[in-house]
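Visitor: Sharing a structure with you now.
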Amino acid sequence: MTILTEWLEKHEEINFDKTKWTFDESKGFVNCGQCKVKINISLNEQSGQFRISNVTRHLSNMHNKTKENSQGRGKGSKLLMERFATKQQTGENTKNTSMDSAEGSSYIEEVDLLDSAEIPAEITPMQPMQTMDPLSKGFLIADGPSPYGSISKNWNSREIRRKIKLCNSASDVSQTTIEMYFDAIDQFSQLAKTNVILSNQLLALCEKYRSLKAIANNSPTSEEAGSLLKKMLQQSISHSKKKAKGYRYMDEGLNNFCLNTYILGGRRMYEIFHANFKGVFPSPRTMGERLAKFQTFVPEGCVNVNGLVDYLLSHKLPMVVSLSEDATAIVGKREYNSTSNSIYGFSLPLKSNGLPNWEDSVMKNTLDAVRMFSTYKRATVIIVVMAQPLGDGIPPMRICSFGSDNSFTATDVKNRLDTIVSLLKEKGISVLTYSADGDSRELKSMRVMLQLGYVQRNNADKVFPGNTCPWFVATIAKDAPIPVQDTIHEGAKMRTRLLKDHRPMPFGNKIACRENLETLCGLVTKDQHLLQERDLLPEDKMNYDAVSRLIRPGLRELLKKHVPGSEGTIFYLKLMEYATTSFLDKQMSPLERIFRLWFAVFSVRYWRYWMMCDQAYPLAKHFFTSNAYQCLELNAHSLVLTELRLQEAKMTEMFLPWCFGSQQCESYFKALRSFTPVGSTQTNFTVGEVITSRGWKVDANLIATAEGDTHGIIYPRHIAQLERCGGTKRAMEDVEHPSKSQIVSIIKRALQEAKSELNQLGVLVNAADSECFKYDPRLAVTSTLSELENIAGPIVDDCDEPDIEGVSEIDDQLDERDRQDIEMLNLLFDAEFTDFTNRLSASKTNKKTLDPLSVPLELTPFVKIADKNSRLRVVKKSAIIWFLEHGVRRLSNDRTYRVRATSPYVQRQHLIVKTVEKRIVRIGDWCIFKTDEDCPLPNKFLLGRVLSFSLRVGSKKELGKRVLEWAYDGDQNNLGALCIWYEVVWNSTKKEIQSELKDIIVSSHGFHPCETYVCSIPPPTIDPSNSRLFLLRHIISDLYSFVNELLPS
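Counting with this note's numbering, you get residues 683 to 1731 for the letters of the sequence shown.
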């Protein structure tokens, strides 16, 4: 041992510290106390070779050495390995096999003598270490040793298999070693030095990689970069050293972004991105394959329950949804689909469950197609049912869709809803609300579900026991979905009613009309009123952005300040705001929502009762539509029922009223019309396109866009939609939900405030509140659907499946429909179609021995049909449908109603009356009109502000035509003007006209004959302190010349 120690100390390359180096004789290793590395030294008794390990590890730690004095490290390591691993001469130390201390000392001395001399001439290379037997299942016996210590005995576990694989590969003598690549590296380096082009390419590649790394890691802007940019940089860096075939796109967020780009921009745009962002955007073919993952085929009229369950579970959402149903017009084209072997575009008869049977559209032979064309009507609309998970920002999912001719009943609506709710309940999904867009059949079904107006006899059936809230007249079953009408449609209906000039809405002494808003637009600039020109056009009915601008409180303040007599319009705009924001404002408390909605309900009830007191204002002409009123009543009751049900179930976090509507369907229809290929002008679609192509794109876009929040990718329009109307779901956190007693109190307060404001407008009723504010019992519905009439016409008659085997037995007693079928078949026999018999027979190969013609053709896209020579031929089913299809109704590509824009602000200023004169009378002018002879006023004239014109006598179409102006010298004397009237006060003492105007209270508003027109005057001045009107002095002096004869003598 001493001799070995001295030898090791002589070699500086080994660098053992004498004070810290020890030799464990019992265990057989040299221990360096400084670097803690153990150099194992063992002797193979059979071969006589030394086995030395961990020398390289010790040399790598070369403590107390610098780069200058450690150049011989490789040489020393090689010398050590050669001298201790060399097989000794024959006969030397063959007997010294024991490792006792005595024999060990003599053995070491012999080695030392060898080491102290020169290296022997004959050095035998070290033999390979004896390899281990490959591990197998045998080592996992109950009492056997484990090569890894305490491990699991599960042979099939991935961790165990991986460890065994690594162990076996490490002991394989034929495994690849790093030395094998040294020659190749040297050759490659030499080639790079001699080949300038290759050298430049290598430098460019290295520079590119260093640049990307610098941008990703060292650039100061990388921390400020968005999540999407960082993802693109990371993916570009990871692919920079790979070939195109080795690209792997594993970032889910970036993949969703690429999929959205593919859908929204189209394939042409995506090809540009793919070509210029190598390694970031997958190939268009890959995107097409990923889009195909969303192509879950759901037949027409079937409910995708399993898809909804997977959707909720994958996003960790509660198993509670809100359903909505709506329909939109389509291109009525009938077309064959080979996937389902059926024909799309028919209005299939509805079954007892309210849904069509898609098997009725399966085409097995030519006679099936002929019978469908002669029996089923063409579909004119597509009905879509959406399921909205109760989570803000989570997109809805289409679960059912089918074509229809829009001829179904309220009973069909109820049966369809019951079927869907039952199917969802079987999978553990409950339905909280069900919404629609105000369709009369759906509305009637909802009124029956709520038993709206039906008086409950027992306290157990009442929401509020006893007589605590007699104005609340609705109840619903415990597990039934709560019906809700879409709030945006409600606001749009109220706006459309306001813009109808020929049907004024009186509120006592005031009138709500469009003219007040047009007058305001002429008095103040656009930066104050914020209205757009199309906001006041009645032709654009579904313009909810106009509703949001009209209900602004600032607009009502401007009307109060600048437009006298606009109190009726101000109050109506307030009703619009309360009816819509109670559902859509995300920052409003539940108690405030209930107050606003019930304020609107009580105001309409009281206003309606006032109109019904006499025949001055028929409801059909001066009230807004019954549909809008019933939707308002239904929403007010449903809001309270929803709040109470969620409180009882302790799920108040799902009180998201802005999700209770049919806008999910509207957004889906809008996306269907938008997702067309680049360059295509076809915005409309067929039933087949929704079910087989476009619908999949919309489904994929909705999901990928919503998941952008999770992956940190911003979609501006999606964020804007979430932040609309006061923020996201965060606004609903920590919200206090009211008790029943608080709800009753707030409903009573809404009643009193509604009555007070209407009384100020002149809506006065001499009756008790219990009579004025009660729900009209004549509008109540029965508790069953037995008396529901067919609103949209009769149901399409059901047709039995045609008897194919009996076709040859046709005789003279066939009805007219069968005769038409025969005529159509004869036309098909005479038609020239491509025969695919030979092509299908030639498609057989060695690997495919099945003759395509041997497969039942009713399951394939082909069908057999005889020609005029009675010879059978194989024809494509799509060709048969193409031949039978005719008269397709195309929708206009331009869905915007083209209207004439109103005049701009500067031009309207020139139309304002500046002097007292006779001129063309326009809406908004202040005019003098003669009164009737029996008028009790001292003056024989009145001052009126013209609100609208209408024919006094004419047809319904003529009366509904809008008249914007009237020429006093024209021949149109059958015209009347609706005005807000004021009295010009005559001072009998001073014999002069006073400047202050006096309001006139009228019993009823009507159209005054325009032929009594005297003159027009400039608008009076408004006193902002008390809102009184005054005429300026120069106006009064100019007025005498026109009204001198009409003044009192």
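By construction, the Cβ of each residue, glycine as well, lies at the ideal position given by its N, Cα and C atoms.
#1: In three-state terms, what does DSSP make of Arg1644?
#2: Pick from Asn1225, Gln1676, Ala1228 and Glu1325: whose alpha carbon is nearest that of Ser1264?
#3: At a cut of 8 Å, does the segment 1105-1115 reach the segment 1416-1426 through at least three beta carbon pairs?
#4: Does the distance between the C-beta of Leu1205 and the nearest non-hydrogen atom of the ligand GTP fall short of 6 Å?
#5: For Cys1203, count neighbouring C-beta atoms within 10 Å of its own C-beta (all shown protein chains included) and say buried if the count is 16 or more, exposed if not.
#6: Give the list of continuous beta strand (DSSP E) stretches no shorter than 3 residues that lie fully inside the segment 1078-1166.
#7: Work out the CA separation of Lys1208 and Asp1720 for me, nearest whole Å.
#8: Give me the Cβ distance between Lys1622 and Lys1612, rounded to the nearest whole Å; I'm assuming they're in contact under 8 Å.
#9: DSSP three-state call for Met1294: helix, strand or coil?
#10: For the pair the segment 1703-1713 and the segment 1645-1653, tell me if three or more CB-CB distances fall below 8 Å.
#11: By DSSP's criteria, Pro1188 is part of a beta bridge. Which residues make up the other side?
#12: Give, in chain order, every unbroken run of the alpha helix (DSSP H) that is at least 4 residues long and sits entirely within the segment 1018-1056.
#13: Would you tell me roughly how many angstroms separate the C-alpha atoms of Ile1428 and Ile1276, rounded to the nearest one?
#14: Cutting at 6 Å between CB atoms, please list the residues of its own chain near Leu796, excluding the five before and the five after it.
#15: Starting from Cys1609, follow its DSSP beta bridges and name the residues at the other end.
#16: From Gly1247 to Gln1133, what does the alpha carbon distance come to, in whole angstroms?
#17: Can you tell me which of Thr1093, Ser1344 and Arg1627 puts its alpha carbon nearest to the alpha carbon of Tyr1116?
#18: Give the C-beta separation of Trp1153 and Lys1456 to the nearest angstrom, bearing in mind that I take them to be a contact with Cβ-Cβ under 8 Å.
#19: Only counting the same chain, and skipping five residues up and downstream in sequence, which positions put a Cβ closer than 6 Å to that of Ala803?
#20: Using CA atoms only, rank isn't needed, just tell me which of Glu1674, Cys1692 and Ser1271 is closest to Pro1730.
#21: When you compare only the Cα positions, how much space is there between Ile1477 and Ala1174?
#22: If distances are taken between C-alpha atoms only, which option among Gly961, Ser1004, Arg950 and His1171 comes closest to Asp933?
#23: Between the Cα of Val1628 and those of Glu1615, Phe1351 and Val1603, spot the shortest distance and give me the residue it belongs to.
#24: Less than 7 Å between the C-beta atoms of Thr1262 and Lys1015, yes or no?
#25: Please determine if the segment 1542-1562 and the segment 1035-1052 are in contact, where contact requires at least 3 C-beta pairs separated by less than 8 Å.
#26: Here's a check: name, in chain order, each residue in its chain whose Cβ is nearer than 8 Å to the Cβ of Val1445, leaving out the five neighbours to either side.
#27: Look at the Cβ atom of Ala1061, then the Cβ atom of Gly1085, and state whether they are nearer than 7 Å.
#28: So Leu1279 and Ala1318 are supposed to be a Cβ contact under 8 Å. How far apart are they, rounded?
#29: Taking the alpha-carbon positions, what's the Ser759 to Asp865 distance?
#30: Whose CA, out of Ala1386, Arg1715 and Leu1005, lies closest to the CA of Thr1104?
#31: On the CB-based measure, 16 or more other CB atoms within 10 Å of its CB, does Thr978 come out buried or exposed?
#32: Just the C-alpha distance for Lys769 and Ser881, rounded to the nearest angstrom, thanks.
#33: When you compare only the Cα positions, how much space is there between Arg1234 and Leu1255?
#34: Excluding sequence positions up to five away, which residues of its chain have a Cβ less than 6 Å from the Cβ of Ala1009?
#35: Alpha carbons only, please: which of Tyr1260, Val1283, Asp1217 and Phe1284 is nearest the one belonging to Glu1274?
#36: Distance check for Ala1298 and Met1187, CA to CA, integer angstroms please.
Guide: Quick look at the numbers:
#1: Numbered from its first residue, the sequence shown carries residue 1644 at position 962. Looking at Arg1644 - three-state DSSP - the assignment turns out to be coil, as it is neither helix nor strand.
#2: Here residue 1264 corresponds to residue number 582 of the sequence shown, with the count starting at 1. Comparing Cα positions, the closest option is Glu1325.
#3: no
#4: Only the bare structure without any ligand can be found here, which leaves the ligand GTP out of the picture.
#5: Within the sequence shown, residue 1203 is the residue found at index 521, counting from 1. With 16 or more other Cβ atoms within 10 Å, it is buried.
#6: 1079-1086 and 1112-1118
#7: Taking the first residue of the sequence shown as 1, we reach residue 1720 at position 1038. Taking the first residue of the sequence shown as 1, we reach residue 1208 at position 526. Near 33 Å, if we compare the C-alpha coordinates of Lys1208 and Asp1720.
#8: By one-based count along the sequence shown, residue 1622 stands at place 940. By one-based count along the sequence shown, residue 1612 stands at place 930. About 6 Å separates the two Cβ atoms, so the contact holds.
#9: For the purposes of this step, residue 1294 is identified with residue 612 of the sequence shown, where counting begins at 1. Coil at Met1294, not helix or strand.
#10: no
#11: On the sequence shown, residue 1188 is found 506 positions in, with the first residue counted as 1. Per DSSP, Ile1193.
#12: none
#13: Here the question's residue 1428 lines up with position 746 in the sequence shown. Here the question's residue 1276 lines up with position 594 in the sequence shown. Near 7 Å, if we compare the C-alpha coordinates of Ile1276 and Ile1428.
#14: To locate residue 796, count along the sequence shown from 1; it is residue 114. Residue placement at Leu796 is poorly supported in this model, since its pLDDT is 34, which falls under 50; the coordinates still yield a value, given next. Here the set comprises nothing.
#15: Along the sequence shown, one-based indexing puts residue 1609 at 927. Beta-bridge pairing links Cys1609 to Gly1626 and Ser1698.
#16: Position 565 of the sequence shown, counted from the start, is the residue given in the question as residue 1247. Position 451 of the sequence shown, counted from the start, is the residue given in the question as residue 1133. C-alpha separation (whole angstroms): 41 Å.
#17: Counted from its first residue, the sequence shown places residue 1116 at position 434. The option with the nearest alpha carbon to Tyr1116 is Ser1344.
#18: Sequence index remark: in the sequence shown, residue 1153 carries index 471 (1-based). Sequence index remark: in the sequence shown, residue 1456 carries index 774 (1-based). Trp1153 to Lys1456, Cβ: 7 Å. Contact.
#19: The count along the sequence shown starts at 1 and reaches residue 803 at position 121. For Ala803, the predicted model reports a pLDDT of 39, less than 50, meaning its position is unreliable and no value from the coordinates is stated.
#20: Reading the sequence shown from its first residue, position 1048 is the one you call residue 1730. Answer by Cα proximity: Glu1674.
#21: Mapped onto the sequence shown, residue 1477 falls at position 795. Mapped onto the sequence shown, residue 1174 falls at position 492. Model confidence at Ile1477 stands at a pLDDT of 30, short of 50, so the residue's coordinates are unreliable and nothing is read from them.
#22: Reading the sequence shown from its first residue, position 251 is the one you call residue 933. Among Gly961, Ser1004, Arg950 and His1171, the Cα nearest to that of Asp933 belongs to Gly961.
#23: Position 946 of the sequence shown holds residue 1628. Measuring from the Cα of Val1628, the nearest candidate turns out to be Val1603.
#24: For this step, residue 1262 is matched to residue 580 along the sequence shown. For this step, residue 1015 is matched to residue 333 along the sequence shown. At a Cβ-Cβ threshold of 7 Å, Thr1262 and Lys1015 do not count as neighbours.
#25: yes
#26: Along the sequence shown, read from residue 1 onward, the residue named residue 1445 stands at position 763. Taking C-beta separations shorter than 8 Å and ignoring five residues to either side along the sequence, the partners of Val1445 in its chain run Phe1189, Gly1190, Tyr1288, Trp1289 and Trp1292, following chain order.
#27: Your numbering for residue 1061 matches position 379 in the sequence shown. Your numbering for residue 1085 matches position 403 in the sequence shown. Yes; because the gap between Cβ atoms is below 7 Å, this pair is in contact.
#28: By one-based count along the sequence shown, residue 1279 stands at place 597. By one-based count along the sequence shown, residue 1318 stands at place 636. Contact holds; Cβ gap of about 5 Å.
#29: For the purposes of this step, residue 759 is taken as the residue at position 77 of the sequence shown. For the purposes of this step, residue 865 is taken as the residue at position 183 of the sequence shown. The pLDDT assigned to Ser759 is 42, lower than 50, so where the model puts this residue is not dependable; a value taken from the coordinates is nonetheless given after this. Ser759 and Asp865: Cα-Cα distance of roughly 22 Å.
#30: Numbered from 1 along the sequence shown, position 422 holds the residue referred to as residue 1104. The question names Thr, but residue 1104 is Ser in the sequence shown. Looking at the Cα atoms, Leu1005 is the closest of the given residues.
#31: The residue labelled residue 978 in the question sits at position 296 within the sequence shown. Exposed, by the Cβ-count rule.
#32: Taking the sequence shown and counting its residues from 1, one reaches residue 769 at position 87. Taking the sequence shown and counting its residues from 1, one reaches residue 881 at position 199. Note on Lys769: pLDDT 39, under 50, position unreliable in the model; no value is reported.
#33: The sequence position of residue 1234 within the sequence shown is 552, counting from 1. The sequence position of residue 1255 within the sequence shown is 573, counting from 1. Going by the C-alpha atoms only, they are around 9 Å apart.
#34: Stepping through the sequence shown from its first residue, residue 1009 is reached at position 327. Once the five neighbours on either side are set aside, the close Cβ partners of Ala1009 are Val1063 and Ile1065.
#35: By one-based count along the sequence shown, residue 1274 stands at place 592. Checked all of Tyr1260, Val1283, Asp1217 and Phe1284; the closest Cα to Glu1274 is Tyr1260.
#36: Along the sequence shown, one-based indexing puts residue 1187 at 505. Along the sequence shown, one-based indexing puts residue 1298 at 616. Approximately 12 Å between the Cα atoms of the pair.
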